[in-house]
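A.B. asks: Next up is a structure, given as structure tokens.
Chains as they are written, first to last, in this note's numbering: chain A, 1 to 353; chain B, 1001 to 1353.
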């Protein structure tokens, strides 16, 4: 049995008893029932995921997977591929947005090179799991082999397991990879069946001509490879990316260990589609952090039946939205765990009309 | 010169030079320009408010004003007035939602009795500024005198000044008061001119009959008192509440000291309307934290030209949404201050097409 099939087999349903206990406790806390809205439902989901009626999530970590994309050579991004390794070094030096926001919320940043097209210097904080020097250009050949696709997902599973073994009790996904909105749009179009133009946006900020080129490249690749929308590894191999596969693995690994996993933006959304195609049972373990500006993100939410927590007009990736979401998950659990009940506080209940 | 008129006179325009410097720095940071959306615009607003190109907001505090309402006797709330003092004690014991969320984001909670209809025990954490044992029932007489209205606002100004003198560099508003959505809806209808039914909701959770009663009570009061929508003290005196006046004062006090002030939900929104009627120059100092479920909140945003940061389906008050908003304000400022620039990180810029 492979790590992938074993992990998928371990993903069970949410713990209904823990969720029911959390709901019951919410209704005794000193506030009108339901008055904390999404924070209440989120706490109940966390209870169901963890199996704990009052989960305490004290050790959040975001896994940032970095890789390059052969398709970036087709002029689909506003930035050159050399930015991918440069930004990995920025992550390691603590100067990127994800570092700042992770520090703000007290989350650990785990940086993984799963396929950056450059030799990166060894660094104690860099996890080297490079599958290759970027994917192949999927406008002319599959992005990777099926074996590599499974390898990418299994690297992600192993990273989730390592993080959880090291104490993480709340995970989030983050990405870095010039060209990866192109791969993500291809994945989203393939799995959801939506027209390419409907799920393809400007990424880091291409102009109209670049956007038209990007759409044409994706349409051409889908016509060439005809990925099977019911086969996550087929879609990943033909039009995906190493980091997208890795993040799908993080999601599966977290779900198998009953750890809530907060999904960042559009690239993480594509990874979630791959993960849930491989294992529909992973869906209840997902928390969508935010609605990205990137066109196509709503198609992900619709397909996975997710509602993002916030919409702050962000479109950066790296896990920047996800770490804000992790902080809300922690807030929700603290509400459930730390608030006084009506009985404890001696507060009167509702008037009977 | 009164504290009120003096404070209003001190509210100046935002510092355009600091805001421009913040904008210029944002555009050099290692991310596509604008990719952090609202976090970027928020950081620029904070720079303009504080006059610092890279503001550091390290000492957040939420001022929770508590008071009772004579109109609560008309059966407009799902909870009895005795809940107001009970919840104040809950605040002091650290068991309420605002305590939990304030601890989560590292904010101080400042609890003020500005008119609770009960004798509260002395407590080192309770600021006693009681104007009266709740307001009068505004369905039959003005809620308070004009002198009391000014007193309420000046108490809020003094509380803001005290908090800032003690080190607070970011303030938020919070409320507690059974019946205060009724007063707030009356204030919102009076100032915005919208129909009462359009700005009146279920508060803590009244049923259909209660809602109809609530709307009728407000319509009757507005017809009886005819508050002048251009005179904030007149509206406050006739159909407002002590805590609403106090929070209006917190807003004015913060603006006069160039401290950003994060507005909570519907009651705080009514206070913001009063504050901006007294001093339109206070508007740029406001940050709307969240969109409440309470019907009528959108009328506040439209009138004040504010866009809430998040929508989490909350309707509790106490400052619960505002403290989450303060954390986002801090995150925004840290992005501006702590991220590496393209030059510092050696990251390549955009490709010239």
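Even for Gly, the Cβ is constructed at its ideal location relative to N, Cα and C. Remember, predicted model here, so these are calculated numbers, not experimental data.
Name the two residues that bound the continuous alpha helix (DSSP H) containing residue 1025 of chain B.
C.D. replies: Taken as a continuous stretch (DSSP letters only), the alpha helix (DSSP H) holding residue 1025 of chain B covers 1016–1026.
A.B. asks: If you measure from the CB of residue 206 of chain A, is any heavy atom of the ligand ATP nearer than 7 Å?
C.D. replies: The model on display carries no ligand, and the ligand ATP is accordingly not part of it.
A.B. asks: Starting from the beta carbon of residue 1314 of chain B, find every residue of chain A whose beta carbon is closer than 8 Å, and list them in chain order.
C.D. replies: The contacting residues are 35, 36, 37, 38, 39.
A.B. asks: Name, please, each residue of chain A whose Cβ falls closer than 8 Å to the Cβ of residue 1133 of chain B.
C.D. replies: Ordered by position in chain A, no residue passes the 8 Å Cβ test against residue 1133 of chain B, which lies about 18 Å from the chain.
A.B. asks: If we define contact as Cβ-Cβ less than 8 Å, is residue 1179 of chain B a contact residue for chain A?
C.D. replies: Residue 1179 of chain B does not count as touching chain A.
A.B. asks: Per DSSP, residue 1111 of chain B forms a beta bridge with which residues?
C.D. replies: Paired residues: B:1064, B:1126.
A.B. asks: Measure how close the beta-carbons of residue 265 of chain A and residue 303 of chain A come, nearest whole angstrom, since I'm counting them as under 8 Å.
C.D. replies: Not quite, the Cβ-Cβ distance comes to about 15 Å (not below 8 Å), so this is no contact.
A.B. asks: Would you mind sorting residue 1353 of chain B into buried or exposed? The rule is 16 or more other CB atoms within 10 Å of its CB.
C.D. replies: Because the pLDDT of residue 1353 of chain B is 47, which lies under 50, any placement of that residue in the model is unreliable, and the number read from its coordinates should be weighed accordingly. Residue 1353 of chain B is exposed by the Cβ-count criterion.
A.B. asks: Closer than 9 Å between beta carbons: that is the criterion. Which residues of the stretch 93–120 of chain A meet it against chain B?
C.D. replies: Under the 9 Å Cβ criterion, the stretch 93–120 of chain A contributes 93, 94, 95, 96, 97, 99, 100, 101, 103, 104, 105.
A.B. asks: According to a CB-to-CB cut-off of less than 7 Å, which residues of the stretch 1054–1080 of chain B neighbour chain A?
C.D. replies: Under the 7 Å Cβ criterion, the stretch 1054–1080 of chain B contributes 1078, 1079, 1080.
A.B. asks: With a threshold of 7 Å on Cβ separation, who are the neighbours of residue 125 of chain A within its own chain once the five nearest residues in sequence on each side are excluded?
C.D. replies: Excluding sequence neighbours, residue 125 of chain A sits near 92, 111.
A.B. asks: Taking only three categories from DSSP, how would you classify residue 1165 of chain B?
C.D. replies: Reduced to three states, the DSSP call for residue 1165 of chain B is helix.
A.B. asks: Need the endpoints of the beta strand (DSSP E) that residue 1173 of chain B sits in, please.
C.D. replies: Residues 1170–1176.
A.B. asks: Let me make sure I understand the geometry here. Which of A:174, A:314, A:331, A:349 has the alpha-carbon closest to that of residue 55 of chain A?
C.D. replies: Nearest C-alpha to residue 55 of chain A: A:331.
A.B. asks: Any beta carbon from chain A within less than 8 Å of residue 1032 of chain B's own beta carbon?
C.D. replies: Yes, contact with chain A.
A.B. asks: Counting only Cβ pairs nearer than 8 Å, list the residues of chain B close to residue 214 of chain A.
C.D. replies: Under the 8 Å cutoff, chain B gives no residues; its nearest Cβ is about 13 Å from residue 214 of chain A.
A.B. asks: Are the CB atoms of residue 83 of chain A and residue 178 of chain A nearer to each other than 8 Å?
C.D. replies: Contact: yes.
A.B. asks: Would you report the Cα separation of residue 1295 of chain B and residue 40 of chain A, rounded to the nearest angstrom?
C.D. replies: Rounded to the nearest angstrom, the two C-alpha atoms are 20 Å apart.
A.B. asks: Taking just the CA atoms, how far does residue 1114 of chain B sit from residue 1063 of chain B?
C.D. replies: Rounded to the nearest angstrom, the two C-alpha atoms are 12 Å apart.
A.B. asks: State the start and end residues of the unbroken beta strand (DSSP E) segment that holds residue 306 of chain A.
C.D. replies: That residue, residue 306 of chain A, is in no beta strand (DSSP E); it is neither H nor E in DSSP.
A.B. asks: Nearest CA to the CA of residue 1067 of chain B: which residue from B:1267, B:1020, B:1105?
C.D. replies: Ranking the options by Cα distance to residue 1067 of chain B, first place goes to B:1267.
A.B. asks: Helix or strand or just coil, what does DSSP make of residue 1119 of chain B?
C.D. replies: DSSP places residue 1119 of chain B in coil when its eight states are reduced to three.
A.B. asks: Just the Cα atoms here: how many angstroms apart are residue 314 of chain A and residue 1049 of chain B?
C.D. replies: If you take the alpha carbons of residue 314 of chain A and residue 1049 of chain B, they lie about 23 Å apart.
A.B. asks: So the candidates are B:1148, B:1227, B:1076, B:1201; which of them puts its Cα closest to the Cα of residue 1299 of chain B?
C.D. replies: Answer by Cα proximity: B:1201.
A.B. asks: Going straight from the alpha carbon of residue 1213 of chain B to that of residue 1073 of chain B, what length do you get?
C.D. replies: If you take the alpha carbons of residue 1213 of chain B and residue 1073 of chain B, they lie about 12 Å apart.
A.B. asks: What does residue 1090 of chain B touch in chain A if you count any residue whose Cβ is under 7 Å from its own?
C.D. replies: Chain A residues near residue 1090 of chain B: 30, 340, 345, 347.
A.B. asks: Who are the near neighbours of residue 301 of chain A in its chain, counting only those whose CB is closer than 8 Å to its CB and skipping five residues on each side?
C.D. replies: Same-chain partners within the cutoff: 269, 288, 291, 307, 308.
A.B. asks: What residues are listed by DSSP as bridge partners for residue 286 of chain A?
C.D. replies: Beta-bridge pairing links residue 286 of chain A to A:261.
A.B. asks: According to a CB-to-CB cut-off of less than 8 Å, which residues of the stretch 1322–1335 of chain B neighbour chain A?
C.D. replies: Under the 8 Å Cβ criterion, the stretch 1322–1335 of chain B contributes 1324, 1327, 1328, 1330, 1331, 1334, 1335.
A.B. asks: Assuming residue 175 of chain A contacts residue 247 of chain A under a Cβ cut-off of 8 Å, what Cβ separation, rounded to an integer in Å, is found between them?
C.D. replies: At roughly 6 Å, the Cβ-Cβ gap stays under 8 Å, so residue 175 of chain A and residue 247 of chain A are in contact.
A.B. asks: Which residue wins for smallest C-alpha separation from residue 149 of chain A, given the options A:123, A:336, A:271?
C.D. replies: With distances taken between Cα atoms, residue 149 of chain A lies closest to A:271.
A.B. asks: Mind checking the stretch 1193–1210 of chain B against chain A and listing, in chain order, the residues whose C-beta falls within less than 9 Å of any C-beta there?
C.D. replies: Under the 9 Å Cβ criterion, the stretch 1193–1210 of chain B contributes 1203, 1204, 1205, 1206, 1207, 1209, 1210.
A.B. asks: Tell me the rounded alpha-carbon separation between residue 1192 of chain B and residue 1275 of chain B.
C.D. replies: Cα-Cα distance, rounded: 13 Å.
A.B. asks: DSSP three-state call for residue 29 of chain A: helix, strand or coil?
C.D. replies: Strand at residue 29 of chain A.
A.B. asks: Please go through the same chain and pick out, in chain order, the residues whose beta-carbon is closer than 8 Å to the beta-carbon of residue 217 of chain A, but skip the five residues on each side of it.
C.D. replies: Excluding positions up to five away in sequence, the list reads 71, 74, 76, 139, 182.
A.B. asks: With DSSP run on the structure shown, which of helix, strand or coil describes residue 1354 of chain B?
C.D. replies: It is not possible to answer for residue 1354 of chain B, since the shown part of chain B is limited to 1001 through 1353.
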